[in-house]
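J.: Take the sequence shown: its letter number 71 is residue 71 in the numbering used here, and every next letter is one higher. All C-beta atoms in this analysis are idealised placements derived from N, C-alpha and C, irrespective of residue type, glycine included. Computed from a predicted structure; not experimentally measured.
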Amino acid sequence: MTANYRMSRQYVLEYNLLFRKCQEIIKNCGFILQESNQTSGSIKAKAGMSWKSFGENIELQINHNGMINAQSTCS
Numbered sequence: 001m002t003a004n005y006r007m008s009r010q011y012v013l014e015y016n017l018l019f020r021k022c023q024e025i026i027k028n029c030g031f032i033l034q035e036s037n038q039t040s041g042s043i044k045a046k047a048g049m050s051w052k053s054f055g056e057n058i059e060l061q062i063n064h065n066g067m068i069n070a071q072s073t074c075s
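(1) Whole-angstrom Cβ separation of Glu56 and Ser75, contact assumed at under 8 Å?
(2) Let's see if you can read the secondary structure: which residues bound the beta strand (DSSP E) around Gln61?
(3) Does DSSP put Gln38 in a helix, a strand or coil?
(4) Using only alpha-carbon positions, find the residue among Gln23, Ala47, Ser72, Tyr11 that is nearest to Asn37.
(5) Within this structure, are the beta carbons of Lys46 and Gln34 separated by less than 9 Å?
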C-alpha cells in the first residue's frame, strides 16, 4: 500500500490565473508536468526518484469557484 495525502483549499483568484499559478508552482517545486487540461481544471505531475524519495505523483483538480482539491501519492 502506498502512502497518500489529500487536501482541499479555497482561493480568491480568477480561475485562469489560479490554473496558471498552479502549473508554475508545480514546475518550481521540481515536478514534471504530465497532463494539464484547463477546460476540465485537471493537472497531473510527477517527481522522480531521488536519494530522499521513491518519487511522487500529484493530481490537482481546480474548480471555477477557486477550490483546489489535491492528492499526492508515493510512486
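T.: According to the structure shown:
(1) The C-beta distance from Glu56 to Ser75 rounds to 6 Å, short enough to fall under 8 Å.
(2) That run of the beta strand (DSSP E) goes 56-62.
(3) The answer is coil: DSSP assigns Gln38 none of H, G, I, E or B.
(4) For Asn37, the closest of Gln23, Ala47, Ser72, Tyr11 by C-alpha to C-alpha distance is Gln23.
(5) Contact flag set, yes.
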